[in-house]
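Protein chains in written order, with the working numbering: chain C, 7 to 729; chain G, 3 to 567. Glycine included, C-beta positions come from ideal geometry on N, C-alpha and C. If you're wondering where the values come from, they're calculated on a predicted model, not measured in any experiment.
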Amino acid sequence: MNVTVLYIGSSLLAPLRQAERELNAEYELGLRIAAHNFGAALSEEVWREVEGDLGRADVVFVIHVMDGENAARLLPALEKYRARHRAVIVINCMPELMRRTRLGRVDFGQMFGGKGRSEGETGKPVRGKSLARSVAAWMGEQARAHREKKRRSHTTYLKLVERMPALLKLVPGAGKLRDLKNYLALFCYFLQPTPANIRSMILHALKEYVPDVRLANVKAVPFETMPAVALYHPDAPALFETYEAYRKWYEKRSKQRLEAEQTIGLLLMRPQIVSRTRRHYDGLIRAIEAEGLAVLPALSTLMDNREACEKFFLKDQTSRVSQIVSLTGFSFVGGPAMNDSEAAAQFLKELKKPLRSCVSLDMQTIEDWRASGTGLNPVQAGMQVAIPELDGATEAFVYGGMPAGGAEPVPLEDRCLRLARRLKRWHRLQTAPRASLKLALLLFCFPPNKGNVGTAADLDVFPSVWEILGRLKAEGYEVEVPSSADALRELLLGGDSEKYGATARIAYRMGTDEYRRLCPFVEEIEAEWGTAPGKINSFGGELLVQGIQLGNVFIGVQPTFGYEGDPMRLMMARSGAPHHGFMALYTYLEKIFGADALVHVGTHGALEFMPGKQVGLSDSCWPDRLIGELPHLYLYSVNNPSEGSIAKRRSYAELVSYLTPPIERAGVYKDLASLKELLAAYRQTADEREREQLFGVIEETARALNFQDDAHANAPSPAYTRL
Amino acid sequence: MLALTEQLLEIEQRLIPTGLHVFGRAPEEPAQADMLRMVASFDRPEAGARSLPELVAEGLALQPYSQLLDASRNDEQALRERERVDEMVAQAIELFLRAGTRAACEWLQREARVSTDDSGPVFMLLEKIHAELKVNQEADALVRALRGEYIEPGPGADIVQNPAILPTGRNTHAINPYAVPSEIAFTRAERVVNTLLDRHRAEHGRWPRSMALVLWGLDNIKTQGEGVAQALWLMGVRPVRDAMNRATDVEVIPLEKLKRPRIDVVMTVSGIFRDLFGATMGLLDKAVRVVAALDEPAELNYLRSHVAEQMHTDDCSFDEASTRVFSNAPGNYGTNVNFMVMDSQWENSATLGELFVTRKCFAYGRDARGHMIEGREARLAMDRALSRVEAAYQNIDTFEIGITDVDHYFEYLGGVTRAVEERAQVRPAVYLSDTLSPDGKVRSLEETVRLETRAKTLNPKWYEGMLRHGYRGVAEIENHVANTFGWSATADAVDDWVYTEVAKTFVLDEEMMNRLRSLNPHSARSLVARLLEAEGRGFWQVDDEMLNRLRETFAGLEDQLEGLT
């Protein structure tokens with residue numbers, strides 16, 4: 007017997023494998039379940055396998071397939087093997103695919119019109135009990151094309167989950183309705199994808215549509231149900247339906263109170279929890295707890311996470327969590343197919359707690375991701391990074407994924423640790439006394455010379471930094487504020503910088519021994535730039551960190567790429583590692599100065615453009631190594647969302663936008679103003695002699711102003727040619 | 003005379019930044035009138051507001067303002083009417099700033115018969131912007147972010163494009179790549195592409211058979227993909243959306259409807275676009291493959307014809323011959339052309355074209371077997387594709403970032419121009435569009451350099467605005483000169499007079515030179531050095547007297563800086 011399942015995501019494969027194993031052990035069916043992830047467009051080779059499996063399949067399940075290209079290819083393949091397939095069960099797919107649902111005497115293509123296979127028979131509504139009719143109406147909605155999808159809240163969907171089994175009892179199990187009932191039963195199993203339900207789903211389909219003596223006596227297994235909305239913890243025996251129940255269990259277990267300040271709220275995908283494919287979640291949860299933080303992991307209410315947040319993360323408008331980490335990979339409000347970022351922002355703004363959206367590799371294997379120069383594939387980058395960003399989510403961090411040949415996602419232990427530490431650092435910013443926090447403000451300087459310190463699009467950097475210092479002092483941070491912006495600049499540019507051939511004052515000289523001890527990447531950098539300290543930002547065998555410390559605030563200058571003046575390096579198609587001086591600055595900030603947060607001042611620097619993956623970075627990517635565990639803020643020109651997004655994705659920056667300068671009409675000046683007056687006079691006078699005279703003067707003035715070179719925009723004009 | 007008047011108007015009305023922003027500080031008020039006037043000159047369906055110039059033209063029973071704009075280039079009467087509308091709009095805005103929405107609306111009703119129902123939403127919008135500019139929340143946001151609070155998301159653009167960027171102090175976001183190009187972007191792109199092709203045909207007597215397009219994230223985010231849409235229009239395809247409303251496929255526009263040949267398009271894509279629009283890279287590559295495989299006559303499908311030709315002459319596969327989407331190697335950004343130009347160490351301009359290709363010759367898309375091509379080095383394919391290019395083009399969507407404001411324009415559009423010139427043995431025509439202008443203007447590179455020079459670099463309003471910021475202002479002026487120089491180095495697109503006037507304005511004017519050197523001697527030196535380099539490389543013919551004075555000034559600056567140590 008052969009079953010083929012085409013699906014999306016990472017929660018179904020493990021239960022399918024388990025079902026295959028158990029059913030074969032129990033019934034000796036020789037059952038083979040072929041499963042293919044349709045999350046991204048497939049290659050020719052994979053299609054050949056899919057088509058091979060479809061050609062052998064007795065029963066086909068198509069679940070959550072929405073991708074246009076895959077669907078376009080799948081439709082004819084289903085058609086080709088129509089005679090072979092005893093049942094095709096399509097669940098939660100695009101309408102064209104939904105209409106391929108066919109089991110026994112039920113054929114969605116005929117029932118719900120549209121472009122069904124046989125156009126002759128018009129679909130009549132199924133007669134039956136009224137409840138069944140409402141279900142049929144819902145299915146019809148699934149199978150018809152809608153230009154605009156009605157927004158259904160998750161509550162409605164969950165209600166369906168809860169009510170469906172009851173509805174089902176009322177549908178008679180005979181005639182055409184028998185097949186309809188079967189579809190609904192299969193759908194109900196799928197909605198609660200516990201391993202037992204997935205097993206029942208397969209078994210039920212086989213028993214009903216692949217006649218076999220071995221299955222003759224199989225009885226329908228009741229649905230295993232799990233709460234729709236709940237809290238989860240890997241150590242707990244079961245899900246918790248209330249915060250109180252969770253809190254009691256949690257406080258008893260950890261022997262300490264569940265304080266909002268210490269607690270990270272997590273949003274998890276329900277199918278992963280229900281199907282027990284949650285090792286990646288467990289890994290991250292344990293890593294967060296190992297940092298001394300508490301967790302409150304809630305099942306996501308997928309279409310609208312405000313529901314889960316309101317139920318579990320809020321008590322009388324007060325938050326029970328200090329940060330929200332979404333592991334759903336979808337928008338906060340709207341689910342997989344749409345997003346209402348305005349509603350999300352409004353909710354989170356009132357909550358005042360940051361939203362992090364982190365990524366598990368669902369559509370590529372961990373091995374593929376590691377080997378890839380680009381990182382996340384375009385589907386995941388679009389859906390799980392770009393869309394959550396619209397909600398203000400930060401930290402698009404990869405913490406787990408599917409291993410090659412594996413059936414369920416696993417945590418990337420070291421990435422979970424790093425992410426947990428980043429959350430812990432943010433926690434410190436939230437809770438530690440301001441006077442104890444150390445901040446680093448970093449300026450740019452391009453091209454690197456003393457005239458350019460404070461390079462930033464649209465921004466006057468020294469007055470900006472000076473204003474910021476004043477504000478920080480007022481907020482209770484420990485900082486010495488120079489008397490003026492000019493004084494600040496003189497302080498930074500002065501000192502012994504000339505002696506070291508530096509653009510700014512030297513805050514720290516790092517010996518190579520110390521550099522080697524503190525930085526684990528020195529050898530890799532040496533392969534690129536030669537033995538430390540190298541020629542850039544170094545003096546007398548030491549690495550130079552440019553900057554000044556004013557109390558607990560460090561103001562530094564980021565070095566440039568370092569290859570600007572090196573024709574040989576410029577001509578290389580691929581840039582290499584950052585140079586030693588670049589690395590030394592960030593090593594100093596993290597390990598010696600002990601920064602609690604980094605603030606890059608203005609658009610833009612070099613760190614986020616260092617080599618590495620595009621999005622979904624790993625620990626071999628240089629921006630990831632440079633930023634390390636530090637919370638990162640970036641003051642960014644509001645008119646540059648593109649380079650700003652690179653900083654956000656490749657260096658985990660949270661942007662704080664700044665306004666562009668005032669704009670005015672250029673106006674006319676000097677001789678251009680005279681020319682304008684002459685032209686006005688020419689146009690006003692009707693006197694031919696005067697016009698003739700003016701023409702001469704205008705011609706001369708225009709020539710003096712070099713207008714004779716100008717070709718003219720758009721339409722050529724005869725009047726112009728006379729000039 | 004009218005054309006000259008039009009050119010002057012273009013300079014006069016061009017919006018330029020007149021200073022720099024200071025983080026956390028609200029801008030000064032008097033500077034807002036021109037910006038608000040520009041905001042009011044566009045339809046704002048989201049605010050229920052129509053373009054104010056259109057409303058005034060309508061009220062005065064003139065022809066539509068957009069037609070007046072076109073007609074005023076060669077029709078005195080239209081020009082007068084246009085000036086009349088402009089003047090009334092300006093007065094209304096001034097009145098609004100002085101006396102508020104009601105006064106402005108009533109005045110417009112009285113003087114121009116614009117109903118308050120129509121003018122109301124316009125001034126409501128202006129009022130909102132005006133109020134939001136009075137308070138600056140950037141420092142508050144920074145302080146909240148440092149406390150680990152949520153920072154709200156916000157769109158990224160300039161105020162004229164999208165007033166919703168206010169308030170600032172937010173976490174700017176990009177867009178969903180699958181939304182690109184939007185329907186509006188696709189509609190708007192058609193007009194720009196037609197203008198572009200018409201202009202090229204008027205000047206060269208035929209369609210460009212192949213064009214090099216520079217695609218950036220910047221304008222495509224802000225316009226929901228107008229640049230992408232332009233590429234699709236040139237090839238004659240439209241985007242198709244799937245069940246999740248994602249633009250993942252293309253549909254061919256029949257030749258009968260297109261009424262022109264399909265242009266071969268070589269896309270040189272920034273690393274940033276590549277990262278932010280991964281899905282779109284796939285869409286563009288798909289479009290190329292679809293068009294190259296159409297069974298159409300060679301003279302109506304240049305892309306197909308070129309691909310067939312290349313498969314024949316190079317004996318290569320369809321995959322290779324149809325490679326058109328190029329960017330950096332994965333994890334790499336930029337052409338380095340800007341770095342090389344800035345550092346003055348390059349030998350000749352051929353080096354710059356080589357460098358551009360070396361950095362950008364990595365192909366993206368999906369091959370015929372459905373495998374992702376993630377930055378495969380394809381130097382030969384790029385050489386071949388560039389060798390056929392007759393015009394290079396980049397979409398510009400904003401006046402805030404002009405082609406001499408940053409070094410990225412010349413590194414890309416200049417870089418590809420030089421690379422084409424080396425391969426085609428002739429410099430391609432180079433165009434830029436100004437999609438923000440109400441009439442979707444297309445300019446040649448040379449025109450754009452002149453306009454930028456006149457409106458900004460040489461304009462006291464601009465440089466005095468910069469110099470109010472002292473040290474940083476001098477660096478800005480120096481950067482503009484260096485970026486202008488970049489257009490000489492890559493595209494020979496700078497007239498002699500530009501350098502001459504720059505020299506006169508900033509170096510030979512002693513008082514000015516003294517100001518520059520006291521505020522920021524390092525940047526002053528760089529500026530003079532750049533002019534000398536322009537002369538040395540033959541980009542600028544200058545008389546000996548001027549040259550000697552420049553050299554003396556340079557020597558003086560050197561002495562001053564050495565004295566400082």
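Residue state for Tyr189 of chain C is assigned as helix, using DSSP reduced to three classes. Under DSSP, Ile294 of chain C forms no beta bridge with any residue. In the three-state scheme derived from DSSP, where H, G and I count as helix and E and B as strand, Gly367 of chain G is classed as strand. Per the coordinates, the alpha-carbon of Leu128 of chain G lies some 22 Å from the alpha-carbon of Ser643 of chain C. Contacts between His202 of chain G and chain C, judged by CB atoms closer than 9 Å, are missing: the closest CB pair is about 12 Å apart.
Burial check for Gly61 of chain G: the Cβ neighbour count within 10 Å reaches 16 or more, so the residue is buried. For Ile255 of chain G, there are no neighbours in chain C by C-beta distance under 8 Å, as the nearest C-beta there is about 19 Å away. Against Arg184 of chain C, chain G offers no close residue; the least beta-carbon distance is about 30 Å (beta-carbon pairs closer than 7 Å).
In the three-state DSSP reduction, Glu694 of chain C falls in the helix class (H, G or I). Rounded to the nearest whole angstrom, the CA to CA distance from Pro19 of chain G to Tyr67 of chain G is 26 Å.
Proximity of the segment 47-62 of chain C to the segment 215-231 of chain G falls short of the contact definition, fewer than three beta-carbon pairs being nearer than 8 Å. Note that the C-beta distance between Phe279 of chain G and Ala331 of chain G is not below 7 Å. Using a 10 angstroms sphere on the CB of His314 of chain G, the tally of other CB atoms stays under 16, which defines it as exposed. Taken in chain order, the unbroken stretches of beta strand (DSSP E) that lie wholly in the segment 429-494 of chain G and span 3 residues or more are 431-436, 443-446. Within chain G, the residues Gly26, Ala141, Leu144, Val145 have their CB atoms less than 8 Å from the CB of Arg477 of chain C, given in chain order. Near chain G, meaning a CB-to-CB distance below 7 Å, the residues of the segment 638-653 of chain C are Leu639, Leu641, Tyr642, Val644, Asn645, Asn646, Pro647, Ser648, Glu649, Gly650, Ser651, Ile652. Interface flag for Gly219 of chain G against chain C is set, since a Cβ pair is found closer than 7 Å. Here DSSP, grouped into helix, strand and coil, assigns Gln65 of chain G to coil. At a beta-carbon threshold of 8 Å, the residues of chain C lying near Gln15 of chain G are Arg671, Ala672, ordered along the chain.
With a 10 Å radius around the Cβ and a threshold of 16 neighbouring Cβ atoms, His373 of chain G comes out exposed. Put simply, the segment 141-150 of chain G does not touch the segment 244-251 of chain G. Fewer than three CB pairs are less than 8 Å apart. Every unbroken stretch of the beta strand (DSSP E) spanning 3 or more residues and falling wholly within the segment 305-346 of chain C is given here in chain order: 329-332. Taking a Cβ-Cβ cut-off of 7 Å, Glu96 of chain G has no neighbours in chain C, whose nearest Cβ is about 13 Å from it. For Ser329 of chain G, the uninterrupted beta strand (DSSP E) segment begins and ends at 327-329.
Within the DSSP secondary-structure output, Ala603 of chain C pairs in a beta bridge with C:Leu445. Under the Cβ criterion of 7 Å, Asn461 of chain G is counted among the residues facing chain C. Shown in chain order are the members of the segment 356-370 of chain G whose Cβ falls below 7 Å from a Cβ of chain C: Leu357, Thr360, Arg361.
The three-state reading of DSSP puts Cys451 of chain C in strand, counting E and B together. Shortest Cα-Cα distance from Val544 of chain G to any of G:Phe556, G:Lys506, G:Gln163 involves G:Lys506.
Straight-line spacing of the CA atoms in Thr502 of chain G and Ala484 of chain G works out to 14 Å. Chain-ordered, the chain G residues with CB closer than 7 Å to the CB of Arg495 of chain C read Tyr473. When Cβ pairs closer than 8 Å are counted between the two stretches, the segment 461-478 of chain G is seen to touch the segment 458-477 of chain C, the count reaching three or more. Contacts between Trp535 of chain C and chain G, judged by CB atoms closer than 8 Å, are missing: the closest CB pair is about 17 Å apart.
In summary, the residues of the segment 522-536 of chain G whose CB is separated from some CB of chain C by less than 8 Å are Asn522, Pro523, His524, Ser525, Ala526, Arg527, Ser528, in the order they occur in the chain.
Think of a sphere of 7 Å around the beta carbon of Met516 of chain C: no beta carbon from chain G falls inside it, the nearest being about 25 Å out. By the Cβ neighbour-count rule, Met574 of chain C is exposed, with fewer than 16 other Cβ atoms within 10 Å of its own.
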